[in-house]
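Asks:
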């Protein structure tokens, strides 16, 4: 059960997330910095709530304290050329 | 009052974690206090350049030489892989004759520290980095620079310190310093009061706030750097690369003729991480403690990236982020004892060089605190060079 993958993009297991919580992580952001969960292509769209649920179970904290307060741009992957390309392209 | 530790270190960034580790290594009982979480500030929102080529000639370059030599065996020493890219090299392509002339001058100064840095033709640069645009003029090249994963490095310092007996309190905010006359005796926090023989202020861009609690005016200001990270791709580049404007803005801001570029301090800094994503920055903006991303900055960063690496236009970026670098008026960090406050030390103000200078900063400050004298002089970084007691 603990070897199931929670973050598919970075292949982070439930055990690794439990280890990060034991090492002091109390938020999704804290787990991310310690394990890379949520740092991949989907940027946590799949695993964020799963990670948050595990933290809530382990620490008893409310979800509002665990989830990141805001998202960073972009919402979905964007080609660099769309924003940083030449004006005539 | 009985003491809780030999030394209290305030701040859980790269510098605080390095200082905590080095003090623990020298046998001291350390209590580290962090307001949020380890690597939550600038250390977790940056690239991992460990290069010579971006260092200010003189004292800062000499210190970088000392620091970079420590990186070579750091993974083994700390017992965790910090993804150090040994001798990946550093490069700064130039676009025109003016940049070539300015960088040639800086290179001459930097070489005085005994580092292999030189100007090369664009043909030679493209043999090293084939993805570079062919219409550039040439590049500054430093073959022996490295790169590191800054988050892994910070956490590795912290874990190694804990193994040596350090206590790390996160989500604990220092609300005041405990003073006896002009001596600092401890800290008041949201989780109680703690006493120690010495207190280290390693709060990066927030160091001035702790300084105020001691009645000091520490001249460190937050300077925002915005960056993006791309989707992971196959091997694209080896070096850490900054455009020439990076050093020009850093060392000769008066030579930048584009007011928009100067306002947000935009220049390209790019590297590929071990997991394949490219980290691309960056800006240098004075906007207080704001850590938001702006479309204006992202656009200029991406435009610069495509200018130097045209193939990047078809790569996706997946996230933008920002960190607050601790700026000092003379571009040098403050490392050492504050003469006017017994038991109070500063290790902050590294701006964009905190990662590269972290090993040596921790080592020398720990030596100064424990032995009263460091093995390599910190004189150029003495905090007392600034009028800390001025109103």
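Protein chains in written order, with the working numbering: chain A, 127 to 215; chain B, 972 to 1362.
Even glycine gets a Cβ: it sits at the ideal position worked out from N, Cα and C.
Is the separation between the beta-carbon of residue 1242 of chain B and that of residue 1018 of chain B shorter than 8 Å?
Replies: Yes, the pair counts as a contact, with Cβ atoms nearer than the cut-off.
Asks: Going by other Cβ atoms of all chains shown within 10 Å of its Cβ, with 16 needed for buried, is residue 1184 of chain B buried or exposed?
Replies: By the 10 Å Cβ count, residue 1184 of chain B comes out buried.
Asks: Establish whether the CB of residue 203 of chain A and some CB of chain B are separated by less than 8 Å.
Replies: Closer than 8 Å to some Cβ of chain B, the Cβ of residue 203 of chain A qualifies, so yes.
Asks: Alpha carbons only, please: which of B:1007, B:1012, B:1056, B:1051 is nearest the one belonging to residue 932 of chain B?
Replies: There is simply no residue 932 of chain B to check, as chain B begins at 972 and stops at 1362 in what is shown.
Asks: Flag this pair as yes or no: are the beta carbons of residue 1172 of chain B and residue 1182 of chain B separated by less than 8 Å?
Replies: Going by C-beta atoms, residue 1172 of chain B is nearer than 8 Å to residue 1182 of chain B.
Asks: Please check the pair residue 993 of chain B and residue 1337 of chain B, which I expect to be a contact at CB under 8 Å, by giving their CB distance rounded to whole angstroms.
Replies: The Cβ separation is near 4 Å, so the contact holds.
Asks: Rounded to the nearest angstrom, how far is the Cβ of residue 1202 of chain B from that of residue 1286 of chain B, given a contact under 8 Å?
Replies: At roughly 7 Å, the Cβ-Cβ gap stays under 8 Å, so residue 1202 of chain B and residue 1286 of chain B are in contact.
Asks: From which residue to which residue does the beta strand (DSSP E) around residue 1137 of chain B run?
Replies: Unbroken run through residue 1137 of chain B: none, as it is neither H nor E.
Asks: CB residue 148 of chain A to CB residue 157 of chain A, shorter than 8 Å?
Replies: Taking 8 Å as the Cβ cut-off, residue 148 of chain A and residue 157 of chain A do not qualify as a contacting pair.
Asks: To test your reading of the DSSP string, which unbroken alpha helix (DSSP H) runs of 4 or more residues are found completely within the region 1124–1198 of chain B?
Replies: Qualifying alpha helix (DSSP H) stretches, in chain order: 1178–1184.
Asks: Please check if any C-beta of chain B sits within less than 8 Å of the C-beta of residue 200 of chain A.
Replies: With 8 Å as the cut-off, residue 200 of chain A counts as an interface residue toward chain B.
Asks: Span of the beta strand (DSSP E) holding residue 1101 of chain B?
Replies: Unbroken run through residue 1101 of chain B: none, as it is neither H nor E.
Asks: Helix or strand or just coil, what does DSSP make of residue 1309 of chain B?
Replies: Reduced to three states, the DSSP call for residue 1309 of chain B is coil.
Asks: What residues match up with residue 1062 of chain B in a beta bridge as DSSP calls it?
Replies: BP columns for residue 1062 of chain B point to B:1112, B:1212.
Asks: By the DSSP assignment, the alpha helix (DSSP H) with residue 1258 of chain B in it spans what residues?
Replies: Element bounds for residue 1258 of chain B: n/a, residue is neither H nor E.
Asks: Going by C-alpha to C-alpha distance, which of A:146, A:155, A:168, A:204 sits closest to residue 134 of chain A?
Replies: That would be A:168, whose Cα lies nearest to the Cα of residue 134 of chain A.
Asks: Could you tell me whether the region 1089–1103 of chain B touches the region 192–204 of chain A, using the rule of 3 or more Cβ pairs below 8 Å?
Replies: With the cut-off at 8 Å, the region 1089–1103 of chain B and the region 192–204 of chain A do not touch.
Asks: Helix, strand or coil for residue 1357 of chain B per DSSP?
Replies: If DSSP states are grouped into helix, strand and coil, residue 1357 of chain B belongs with coil.
Asks: What is the C-beta distance between residue 1081 of chain B and residue 1088 of chain B, in whole angstroms, given that I count them as a contact (C-beta under 8 Å)?
Replies: Between residue 1088 of chain B and residue 1081 of chain B the Cβ distance is about 5 Å, and since that is below 8 Å, they are a contact.
Asks: So residue 1292 of chain B contacts chain A; which residues on that side make the cut at Cβ distance below 9 Å?
Replies: The answer, in chain order, is 198.
Asks: So the candidates are B:1217, B:1205, B:1206; which of them puts its Cα closest to the Cα of residue 1196 of chain B?
Replies: Out of B:1217, B:1205, B:1206, B:1217 has the C-alpha closest to the C-alpha of residue 1196 of chain B.
Asks: If I measure Cβ to Cβ from residue 1085 of chain B and keep anything under 8 Å in the same chain, skipping five residues before and after, which residues do I get?
Replies: Closer than 8 Å at Cβ, skipping near neighbours: 1036.
Asks: Which bits of chain B does residue 156 of chain A rub up against, with CB to CB less than 7 Å?
Replies: Neighbours of residue 156 of chain A on chain B, chain order: 1008.
Asks: With a cut-off of 8 Å on the beta carbons, I'd call residue 1352 of chain B and residue 1104 of chain B a contact; round off their distance for me.
Replies: Their Cβ separation, rounded to whole angstroms, is 38 Å, which puts residue 1352 of chain B and residue 1104 of chain B out of contact at 8 Å.
Asks: For the structure I just gave you, are there three or more beta carbon pairs, one from the region 1114–1128 of chain B and one from the region 997–1006 of chain B, closer than 8 Å?
Replies: These segments do not touch.
Asks: Chain B beta carbons: is any one of them nearer than 8 Å to that of residue 186 of chain A?
Replies: Cβ-Cβ to chain B under 8 Å: no for residue 186 of chain A.
Asks: Are residue 1115 of chain B and residue 1058 of chain B touching if we call contact CB-CB under 8 Å?
Replies: In this structure, residue 1058 of chain B lies closer than 8 Å to residue 1115 of chain B by Cβ.
Asks: Can a CB atom of chain B be found closer than 8 Å to the CB of residue 160 of chain A?
Replies: It does; some Cβ of chain B falls within 8 Å.
Asks: May I ask you to report which of helix, strand or coil DSSP gives residue 1279 of chain B?
Replies: Here residue 1279 of chain B sits in helix by DSSP.
Asks: Give the single residue among B:980, B:1073, B:975 whose Cα lies nearest to the Cα of residue 1178 of chain B.
Replies: Nearest of B:980, B:1073, B:975 to residue 1178 of chain B, Cα basis: B:980.
Asks: So the alpha helix (DSSP H) residue 1036 of chain B belongs to, where does it begin and stop?
Replies: First-last of the alpha helix (DSSP H) with residue 1036 of chain B: 1030–1042.
Asks: How about residue 1277 of chain B: is its C-beta nearer than 8 Å to some C-beta of chain A?
Replies: For residue 1277 of chain B, the answer is yes, since a Cβ of chain A falls inside 8 Å of its Cβ.
Asks: With 7 Å as the limit, tell me which residues of the region 1208–1230 of chain B have their beta carbon closer than that to any beta carbon of chain A; keep them in chain order.
Replies: Those would be none; no residue qualifies.
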